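Numbering (the working numbering), first residue to last: -11 to 163.
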């Protein structure tokens, strides 16, 4: 009987041991589920925050572009006013010299406004042709050998905006 008693005690202990293992497993599973839910919540919040950040930066970028354009337009308005005055004076045939001076003044104002915004003209005359900077319109016989492969004439100036090419110069090359 002592053998049976021991078996019975062992079974009871195993039963208690199994139930305590189940309690530990159940508790750790619950803890893991809670952690998982917390991590999912943090992930969703972080994802929403990042999405809001992207939307906000896109709005700010558009606003910056609008503001920059507005600033440029405001600086060009006096030039437009000068052109309107020059147009009125052009109708008076006796003021050809005044008209010419007015156009020169307007050109200088426009040039200064654009230059202040970072626009710079390319100097292409009598330089070697560079396909990175120039667009060849045509080739003509060079007046002398020193002008072969060089730019003879510029049809349209090229321009840099803050050291970035925004328009290539259209040129005629000597051959």
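Here a beta-carbon is modelled for each residue, glycine too, at the ideal position from N, C-alpha and C. Note that the coordinates shown come from a computational prediction; the quantities given were computed from them, not determined experimentally.
Simplified DSSP assignment, three categories, for residue i
i           : result
residue 99  : helix
residue 162 : strand
residue 145 : coil
residue 69  : helix
residue 39  : helix
residue 151 : coil
residue 157 : strand
residue 59  : helix
residue 22  : helix
Presumed contact (8 Å Cβ cut-off) between residue i and residue j, rounded CB distance
i           : j           : result
residue 70  : residue 97  : 6 Å
residue 144 : residue 158 : 4 Å
residue 117 : residue 124 : 7 Å
residue 142 : residue 113 : 6 Å
Boundaries of the beta strand (DSSP E) in which residue i is found, first to last residue
i           : result
residue 108 : 107 to 109
residue 123 : 122 to 128
Spatial distance of residue i from residue j (CA atoms)
i           : j           : result
residue 61  : residue 55  : 10 Å
residue 15  : residue 23  : 12 Å
residue 30  : residue 36  : 10 Å
residue 139 : residue 162 : 6 Å
residue 58  : residue 34  : 36 Å
residue 146 : residue 152 : 11 Å
residue 86  : residue 41  : 56 Å
residue 73  : residue 44  : 44 Å
residue 27  : residue 13  : 21 Å
Same chain, Cβ closer than 7 Å to residue i, five either side skipped, listed in chain order
i           : result
residue 93  : 70
residue 101 : 63, 64 and 67
residue 77  : 83, 86, 87 and 90
Cβ shell of residue i (< 8 Å), same chain only, five flanking positions each side left out
i          : result
residue 82 : none
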